[in-house]
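Report on one structure; see the data block that follows.
Residue numbers (our numbering): 109 to 286.
Take a look at the structure:
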């Protein structure tokens with residue numbers, strides 16, 4: 109099936125389950141997949157035929173990248189979406205067609221959650237460009253005075269020792285209570 113239908117060819121960037129890499133060799137019984145870390149994985153051809161295989165380069169090499177961004181709830185969301193999209197447009201290697209876009213995903217516990225979508229020339233470029241665009245978005249947010257969301261927790265104390273109560277500014281509890 110691999111030889112005649114050619115759903116996967118040498119040089120393709122593929123993902124089989126959690127395994128991703130470039131096809132280096134296709135044999136009669138197995139194929140070799142080189143991971144981004146440089147490992148060569150011997151993969152039975154049955155896995156390439158019977159399992160779901162994502163071929164990132166079968167008919168087109170471009171790849172969409174998602175960059176989630178969470179900011180404080182006091183941020184104006186439309187301004188944020190426009191800013192993120194402008195940052196992606198300003199990156200030389202980000203494709204202009206399809207154009208970058210940003211969407212509001214929802215309200216987090218202490219955040220506004222958005223995602224930036226942009227396209228890159230190849231799957232192999234996606235990790236590097238995700239990092240570069242992420243850093244550029246961070247810099248733009250910082251320059252605009254927009255704070256990234258940080259988890260916030262409430263701490264409730266049922267009882268404290270008198271010494272701890274003094275440090276916390278709490279009057280001492282009843283005698284014998286802890």
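Note that the Cβ used here is the ideal one computed from N, Cα and C, for glycine as well.
- In the DSSP assignment, residue 202 falls outside any alpha helix (DSSP H) and carries neither an H nor an E.
- Cβ neighbours of residue 196 within its own chain (closer than 7 Å, five residues either side excluded): 202, 208, 224, 226, 241.
- Look at the region 132-181 and you find these whole runs of alpha helix (DSSP H), each 4 residues long or longer: 153-158.
- DSSP places residue 124 inside the beta strand (DSSP E), whose first and last residues are 121-124.
- The beta carbon of residue 206 sits closer than 7 Å to those of 227, all from its chain and outside the five residues before and after it, given in chain order.
- Annotation: the continuous beta strand (DSSP E) that includes residue 213 extends over 209-215.
- In this structure, the straight-line span from the alpha carbon of residue 193 to that of residue 267 is close to 50 Å.
- Of 157, 174, 219, 136, the smallest CA-CA separation from residue 184 is found for 219.
- Scanning 127, 147, 245 for the CA closest to the CA of residue 199 turns up 245.
- When the five nearest sequence neighbours on each side are left out, the beta carbons in the same chain lying within less than 8 Å of the beta carbon of residue 222 are those of 176, 177, 178, 179, 185, 188, 189, 192, 210, 211, 212, 213, in order along the chain.
- Around the beta carbon of residue 122, a 10 Å sphere encloses 16 or more other beta carbons of the protein chains shown; the residue is thus reported as buried.
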